[in-house]
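>
Protein chains: 4
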Amino acid sequence: MDTTVFEAHESEIRGYCRNYPTVFASASNARQVDEDGRSFIDFFAGAGVLNFGHNNPRMKEALIDFIQADGITHSLDTYTTTKRDFVSRFHEVVLAPRGMDHRMQFMGPTGSNAVEAAMKLARKATGRRQIVAFSHGFHGMTLGSLAATANDAFRQWSGVPLENIHRLPFETAPGGDTALAEYREALADPSSGLLAPAAFLIEPIQAEGGVNVASKEWLHEVQDLAREVGALVIFDDIQAGIGRTGSYFSFDGMGLDPDIITLAKGLGGFGTPIAMNLNKPEIDDHWSPGAHTGTFRGPGLSFVAGVVALDYFTDDSFLDDVRAKGERLRERLVKIVEANPDRGWEVRGRGMIQALDTGDGAFAKRVQKEAFDAGLLIGPCGSGGRVIKLIPPLTIPEGDLTEGLDLLEQAIDAATRAL
Amino acid sequence: MDTTVFEAHESEIRGYCRNYPTVFASASNARQVDEDGRSFIDFFAGAGVLNFGHNNPRMKEALIDFIQADGITHSLDTYTTTKRDFVSRFHEVVLAPRGMDHRMQFMGPTGSNAVEAAMKLARKATGRRQIVAFSHGFHGMTLGSLAATANDAFRQWSGVPLENIHRLPFETAPGGDTALAEYREALADPSSGLLAPAAFLIEPIQAEGGVNVASKEWLHEVQDLAREVGALVIFDDIQAGIGRTGSYFSFDGMGLDPDIITLAKGLGGFGTPIAMNLNKPEIDDHWSPGAHTGTFRGPGLSFVAGVVALDYFTDDSFLDDVRAKGERLRERLVKIVEANPDRGWEVRGRGMIQALDTGDGAFAKRVQKEAFDAGLLIGPCGSGGRVIKLIPPLTIPEGDLTEGLDLLEQAIDAATRAL
Amino acid sequence: MDTTVFEAHESEIRGYCRNYPTVFASASNARQVDEDGRSFIDFFAGAGVLNFGHNNPRMKEALIDFIQADGITHSLDTYTTTKRDFVSRFHEVVLAPRGMDHRMQFMGPTGSNAVEAAMKLARKATGRRQIVAFSHGFHGMTLGSLAATANDAFRQWSGVPLENIHRLPFETAPGGDTALAEYREALADPSSGLLAPAAFLIEPIQAEGGVNVASKEWLHEVQDLAREVGALVIFDDIQAGIGRTGSYFSFDGMGLDPDIITLAKGLGGFGTPIAMNLNKPEIDDHWSPGAHTGTFRGPGLSFVAGVVALDYFTDDSFLDDVRAKGERLRERLVKIVEANPDRGWEVRGRGMIQALDTGDGAFAKRVQKEAFDAGLLIGPCGSGGRVIKLIPPLTIPEGDLTEGLDLLEQAIDAATRAL
Amino acid sequence: MDTTVFEAHESEIRGYCRNYPTVFASASNARQVDEDGRSFIDFFAGAGVLNFGHNNPRMKEALIDFIQADGITHSLDTYTTTKRDFVSRFHEVVLAPRGMDHRMQFMGPTGSNAVEAAMKLARKATGRRQIVAFSHGFHGMTLGSLAATANDAFRQWSGVPLENIHRLPFETAPGGDTALAEYREALADPSSGLLAPAAFLIEPIQAEGGVNVASKEWLHEVQDLAREVGALVIFDDIQAGIGRTGSYFSFDGMGLDPDIITLAKGLGGFGTPIAMNLNKPEIDDHWSPGAHTGTFRGPGLSFVAGVVALDYFTDDSFLDDVRAKGERLRERLVKIVEANPDRGWEVRGRGMIQALDTGDGAFAKRVQKEAFDAGLLIGPCGSGGRVIKLIPPLTIPEGDLTEGLDLLEQAIDAATRAL
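Protein chains in written order, with full-length UniProt numbering: chain A, 1 to 419; chain B, 1 to 419; chain C, 1 to 419; chain D, 1 to 419.
#1: May I ask you to report which of helix, strand or coil DSSP gives E208 (chain C)?
#2: What residue range is occupied by the uninterrupted beta strand (DSSP E) comprising I336 (chain D)?
#3: Using a C-beta cutoff of 8 Å, does P174 (chain D) count as contacting chain B?
#4: Could you spell out the range, first to last residue, of the alpha helix (DSSP H) harbouring N19 (chain B)?
#5: Suppose contacts are defined by Cβ-Cβ distances below 8 Å. Is H136 (chain B) in contact with V115 (chain B) by that definition?
#6: Is the beta carbon of L376 (chain B) sitting closer than 8 Å to the one on A339 (chain B)?
#7: When you compare each of D:L419, D:S28 and D:C17 to G361 (chain D) by their alpha carbons, which one comes out closest?
#8: Candidates C:V322, C:R417, C:W287 and C:A264: which alpha carbon is nearest T110 (chain C)'s?
#9: Using a threshold of 7 Å, is the CB atom of M107 (chain D) nearer than that to any non-hydrogen atom of the ligand NAD?
#10: Who are D34 (chain D)'s beta bridge partners in DSSP?
#11: Cα separation between Q206 (chain D) and A240 (chain D)?
#12: With distances taken Cα to Cα, identify the nearest neighbour of Q130 (chain B) among A:R103, A:F154, A:L146 and A:S158.
#13: Just verifying my parser: in three-state terms, what is the DSSP assignment at L390 (chain A)?
#14: Quick check on this structure: which residue in A:D34, A:A25 and A:Q105 has the alpha carbon closest to the alpha carbon of E7 (chain B)?
#15: What beta strand (DSSP E) runs, 3 residues minimum, are completely inside the region 199–268 of chain B?
#16: Exposed or buried, P341 (chain C), counting other C-beta atoms within 10 Å across all chains shown (16 or more means buried)?
#17: How is the beta strand (DSSP E) around P174 (chain B) delimited, first residue to last?
#18: What does a CB cutoff of less than 6 Å around G230 (chain C) pick up in its chain, not counting 5 residues either side in sequence?
#19: Answer yes or no: do L219 (chain A) and L180 (chain A) have a C-beta to C-beta separation smaller than 8 Å?
#20: When we look at the beta-carbon of Q223 (chain C) and count the other beta-carbons within 10 Å, is it buried (16 or more) or exposed?
#21: Out of curiosity, what's the CA-to-CA distance linking S88 (chain A) and L195 (chain C)?
#22: Using C-beta distances below 7 Å, list every residue in its chain close to R366 (chain D), excluding the 5 sequence neighbours before and after it, in chain order.
#23: Using the C-alpha atoms, what's the distance from P174 (chain A) back to T172 (chain C)?
#24: Quick check on DSSP: helix, strand or coil for Y183 (chain C)?
#25: With a threshold of 8 Å between beta carbons, is G384 (chain A) in contact with chain C?
#26: Does the Cβ of R38 (chain B) have 16 or more other Cβ atoms within 10 Å, making it buried, or fewer, making it exposed?
#27: Can you tell me whether E346 (chain B) is helix, strand or coil according to DSSP?
#28: Touching or not, the region 234–250 of chain D and the region 346–359 of chain D, by the rule of three or more beta carbon pairs under 8 Å?
#29: Specify whether the region 50–60 of chain C and the region 250–258 of chain C touch according to this definition: at least 3 beta carbon pairs, one from each stretch, less than 8 Å apart.
#30: Secondary structure at D311 (chain D), three-state DSSP: helix, strand or coil?
#31: Where do the N-terminal and C-terminal ends of the alpha helix (DSSP H) with L143 (chain D) fall, by residue?
#32: Which of the three DSSP states is assigned to P57 (chain D) in this structure?
#33: Within 8 Å (strictly less), CB to CB, does C381 (chain C) reach chain D?
#34: Please list, in chain order, the chain B residues whose beta carbon lies closer than 7 Å to that of L225 (chain D).
#35: Closest to A153 (chain B) by C-alpha separation, out of B:E35, B:E163 and B:M141, would be which residue?
#36: Using a 10 Å radius around the Cβ and a threshold of 16 neighbouring Cβ atoms, would you call K124 (chain D) buried or exposed?
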């Protein structure tokens, strides 16, 4: 393992490499192998990107065919046959069955860019400035999305005031049970000092923020309030969407009707970058051509792999399996909590995003280190990194899942012994 | 050609597809072919991304090998052998020969994100808020970079005030000859009402802004002023870098010494998304790990193709050829101007970014349409789209270059006749 | 009565004159007489300025002596004997008995200016930006103080975003019971998205906001929280201070210890403009000479009358009388409420600021009109003007107080009949 | 002289008292006398307030009569006979002869408040945010007006970003000759990155900024540009108006036509606080009643003395005298400059605001100190306090004027010797 090149020439800002101190050389499904031949089970999936595993074989084949056929890899937002396949297939597999007529908007291939575009559109459509965002929310690093991101560890780097956001506690945060009702009353009061908002920007499941799961009831309360005050509902489903929770969208089956949905991460299937917003037509009509432009908006490789990814959602078996595996993850975490009473630990999640809140960032970091040493990749999240989040590829084999959970349990034990 | 899928399901915001009303199916070097088999010469290169042509054969081979070998496509900022190759090779080919010790920072793969990161770093390193940006500058669409972007057609979509930028005219804009001297005096005056800036953010060649070329002298004046007032120099070389002007950086050979350089577009070689900043070590040291995070910061495919792209710069022949072709582009445009005296047209550019400023957006649009109909792809830029920018792949064959220029000349004639 | 001059030459913005459609010619204690000789009982006292009555005879004499002696009417912040008398007397009568060592800061003679100065000082002293202000708060019309003012009827006129304020509900507003506790938890949470505040800016009794009276317990909770998070406590006692509530400060006797107190309105005694902040020495030390300058900071006439005003507080009889009259005001309002059950009316206040919340702005306006027609001046306040506020001069004779209350009761009856 | 009370109990922010270390006891016309009986000639006039001298005898009499007659000292913006006299007289003496139909708006009695109101109105009337303000401009200390103030010594105290101002160099500042032309071009350029402004806020003579005198031509250029781009012209005549320059307004006789004029300082005549804007009717119509409220908007004493002040402008003799005395001030300063060649000193001013720019703040401070010690009050201004500004009462007797100039010359000599 030779990391001197990175140490000499890469920016001090590099982060994950410090948690996983090795040089990875190849990967397949839920396994990553470093250049010394050591194999790791991947419970992190590239921060929730690799829902269909590393180097998904069906996607590999499609990509190689596409490259060999001189497909259009980079198209801005010109029309290509590849993009048409993606748009058409997405409509067929995702939108049509749900009776959704949202339009697909492509932008620079980062979740942050998707959120920025959604914020612009909401502000334009309503003529209002402020967007309601929630404590523990994570929406990106660019100035617009960073203003919506709650974590001070990121916010402090802006160098300028982050404005035009009204912050409310998330359902599961202190005050979250009453915040919406109080905000409703305040908006009705002409002396509250508050502006009518353009939109509510919510992650139905806050992933980076610590795997905080909003209830159906609370999401409806948000939506009702938004409708009441003339604001839009934007669901940021960037990490929790694309099958992660056992349904395509994290909020499927709740009877919700968001105006804008932001997607990225897993949408390109293969780790190939893409971002896409779904805008209701009457909202989308506020855009003018080219209003939010960008270079990599027509990523051919992402469209190709993304079409393969959509195939997974054409029958129930895939999501049934995700839910079943999610249940196994959860059960194991619950057992771990039960084996460690008095620690105040909590298990949270839905489908294959499950988490153990240890309430202690230093402890979680130690668990992560022990796990790495034992051959398991996990990523802490939440305030101070105290939450151990498990987001393996949805396609992880049973054996790797079990082995990974065994390694996790051992790592937790080791970290506990080290206290 | 069937575009109904797009019309039904894609956002109203789609733009370039309106200029090029067809569905592209494949592409090779400087040719794009639509699904009806019609071949177009590409003088636009995906907005300056495809410097090495569509589907560059050396890159295709490298990408297919990589995919077949289960290389790491998506790695966040963990270490991979592929990333090490890229970092090492970039240092060897670009930095070392120039005596540069800048560090490479990877972020979400958009130029906008690169600019946002550079702005954060400059603000952090100086403890100041305001960044000097220039009229006609284009730096991206997210709130931070959009504040630096000058074009009102983009700015008006922010929905919130765009702050923390001090705007100066670019060298070639009205007042550009005296602006720096006046700004220097104002900064020295405690009653000027101006803040000391964190940085000067400059495109040495403004591409989207109308192919405005800064002189060596002016860039030195900017750099000198920045040093004098304790501000950083950020060169945004996203469109004009990576060989486009006949040298690797657009400002090579001028004796300049920027603190931060933003790169994206052509860096990934194949149209594969990537963005990278080069930060001087003493500036870069202000970052903490993970301060500006993001998902698609470790794009394996871009690293692989990017390494192949770097090979083009290992001897002089490639850039010699770029300069020679650039000269042909320029000569032809000069001839066109000479054939149309009294129009006030102007030719601007360097290397293989050359432009004809027609002073008339409607006329340029007509030229673009006539060119498309004749089989040539070009993209207007500048205020109101009045500048016809020619940025073919640097690898364009002689024959295509000549044919493209012939088609352009015919399109201009046709548009002139239609006046 | 001739108002044509006003209608022809005064701005459309004029307001109170529309409520009181006559031309006043003279005034004495709690009586104003218009140019037609009609006498009005004044329950408004110039919006709480004339605590010692119109043309207080002791002040008249002092002012005339001062003018005849060529005293210094206008001194900026140079030292004058007159100012020394005021400073010395204020210390002796107000500060010393309370063990307060706050320093007196003079600024442009408006409450708004006092608040702006307090906000600057708090931001400087803490190095923080955000100031917590409360729903229904009124702090002034200039951009800094207006940002803290809650009423949208005023805020909408800013023409620019009003920033750098964190808004919480006042104790008596919806959510006011839990807001401080939730805010404490949020500030302790690094992912709340909230900044640590520079100060809490509170009116212990919100006058313009509808005579909302904070409890001692809540004010302590604010103060405790401020101490805990390193923020200052600023009490805006501009309307409720200077004896209005039956004590010099509205928060006397509660064991509170504000860092900054803003005063204006009644401080000059005679309606002569003045504003003054009281800053704790360790906070005040953050000022540099001339940091917040202004022209009318040394108002000789206000100092002279202000010294006379201070005499009222040298024994207990004056404030005893204020409390007794306040009790009469209150009892009468309670009787009115009891005579009108089913209306949901509420009586609020302390000392001689008492109010009837009718819950209905149109009704309160009608009452005000009926009262005016009958010879009583009152001023509605609160959201939509629904609260009838009674703030007669503290020196009002018993007879006028009784007669005024009779007129009020009749006006309420008349307005009720008109429903 | 006893200043211990101030040192013990007044804020550290006190400023002028440090320049004039004595305690003043009385004053008459251009003389101030301290408590030890020492008489000072006043060339500062309370920062330009006391145009009609300290304790103007005609005003004294009127004020005493008014107080004895129980006039309305404090009226908010209700109608009073006193206010009607003022409004009527101001129209008759100032507006009507100039054919002006501006409406008078009263607000909190500070110049800062006048500027804040003007900015609000301009923003409301145009629906735009940015206001053009000039280098070296001084417009007040509250957040809105402070944003327009150029001097960093004041701006640094805001504690928050000062936004929504576009800064241009004043005519006499570096770049001032070309700035308007360049700004015009920039506004016409959709890629300049600049917003269309709501207004141009200009002091025709910058007093605090260093007595910088705009030419008629430049002011017309400002006005023309404003008209061209749909912006308002706001003249801040707070210090230079009310006769100071030898005409009522500082810009009289230039054929200018401002939309809003801000007045304060000398308007109340006696040092009695007042502020007033003059708004063109079609602009003023954008106000709603009570939109910019405030307590001390109806200052009876200021109206009374202000009416007397207006009498000075009913025939030519007063202003003839002002111009003659101004000429004497100027000649003497010119002589001083000529006696000190090689110092690079400059004389600037108009009428009885004349200044010597010494280019050296420390030197000017020494001159001020020497002058004080010799019995003359002067006030440095401009960047770093390098400009000695002479603004005696317009009513100063010849003898005091001559004696004051003698003292000034001696002080300059003394300061020169001390170099």
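Note that the Cβ used here is the ideal one computed from N, Cα and C, for glycine as well.
Computed from a predicted model, the values in this text were never measured in an experiment.
With the structure as the only source:
#1: coil
#2: No beta strand (DSSP E) holds I336 (chain D); the alpha helix (DSSP H) holding it covers S317 to A339.
#3: yes
#4: Y16 to N19
#5: no
#6: no
#7: D:L419
#8: C:A264
#9: With respect to the ligand NAD, the structure shown offers nothing to examine, as it has no ligands at all.
#10: D:F24
#11: 8 Å
#12: A:S158
#13: strand
#14: A:Q105
#15: 199–202, 232–236 and 260–263
#16: exposed
#17: Unbroken run through P174 (chain B): none, as it is neither H nor E.
#18: none
#19: no
#20: buried
#21: 45 Å
#22: A415 and A418
#23: 21 Å
#24: helix
#25: yes
#26: exposed
#27: strand
#28: yes
#29: no
#30: helix
#31: L143 to A148
#32: helix
#33: no
#34: Here the premise fails: no neighbours, minimum Cβ distance about 14 Å.
#35: B:M141
#36: buried
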